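Worksheet: one structure, shown below.
In the working numbering, the protein residues as written are 1 to 212.
Here it is as structure tokens:
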């Protein structure tokens, strides 16, 4: 939970520090961490950090985020925010719903990809409403349009010039699902992703990322 500062706490601040964005990801999967960590080289007004813990189930990923936020003393008044990033990965919808409820009660935003994070990477290259039967199917299509892709690579720097395209395609995909299925919930829409929300939060009103 992002802690609210008391009057006593506020007296300690002599100057405003950078906003902190804390991200909890699944287990030891470094793909998402490598991607978001690279933003620190381009964004000057916030700092991206990651939670401790190696949990892979949705509820405990949210718990990891809350525990790390508490240890690091994140403050809502400083603009700090917490995100839990994970894949549907064909998990039971009840698990995701439980994680959403816990997150909403504690100021955490869920960032979900269906079926996996690579959907977000694929949207940098193309828009498609084609549903996937497995994560490997997404990765196969991604490597077709981006042969250099490998798991755990630092993908952000290679894709940064396509970031606006990915944001636009992710929004377009949500609109498609809302019109055809009557919902924008990512766990019910294959393919879909909320990563555009987190990326937009990081870059805020900047339409172009700062040069390296």
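Don't be surprised by glycine CBs; every beta carbon is placed ideally from N, CA and C.
Remember, predicted model here, so these are calculated numbers, not experimental data.
For a quick check, are the C-beta atoms of residue 47 and residue 54 less than 9 Å apart? In this structure, residue 47 lies away from residue 54, with their beta-carbon atoms at least 9 Å apart.
Excluding five sequence neighbours on each side, which residues of the same chain lie with their C-beta closer than 7 Å to the C-beta of residue 57? Beyond the five residues adjoining it in sequence on each side, residue 57 comes within less than 7 Å, by CB distance, of 95 in the same chain, given in chain order.
State yes or no: is the C-beta of residue 198 within less than 9 Å of the C-beta of residue 50? Not a contact, by the Cβ cut-off of 9 Å.
Status (buried if at least 16 other CB within 10 Å, exposed otherwise) for residue 97: Residue 97 is exposed by the Cβ-count criterion.
Closest to residue 87 by CA distance: which of 99, 78, 76 and 79 is it? Nearest C-alpha to residue 87 among 99, 78, 76 and 79: 99.
On the premise that residue 112 lies in contact with residue 170, defined as a C-beta separation below 8 Å, what is that separation, rounded to the nearest angstrom? Contact between residue 170 and residue 112 fails: their C-beta atoms lie close to 12 Å from each other, not under 8 Å.
Nearest-angstrom beta carbon gap, residue 115 and residue 90 [assumed within contact, 8 Å]: Separation of the CB atoms of residue 90 and residue 115 is rounded to 6 Å, and the pair is thereby assigned contact status at 8 Å.
Suppose contacts are defined by Cβ-Cβ distances below 9 Å. Is residue 221 in contact with residue 59 by that definition? Because the chain here runs from 1 to 212, residue 221 falls outside it and cannot be looked at.
Return the chain-ordered list of same chain residues with a C-beta closer than 6 Å to the C-beta of residue 164, the five sequence neighbours on each side being excluded. Cβ neighbours of residue 164 beyond the five flanking positions: none.
One or two residues paired with residue 22 in a DSSP bridge: Residue 22 is bridged to 49 and 82.
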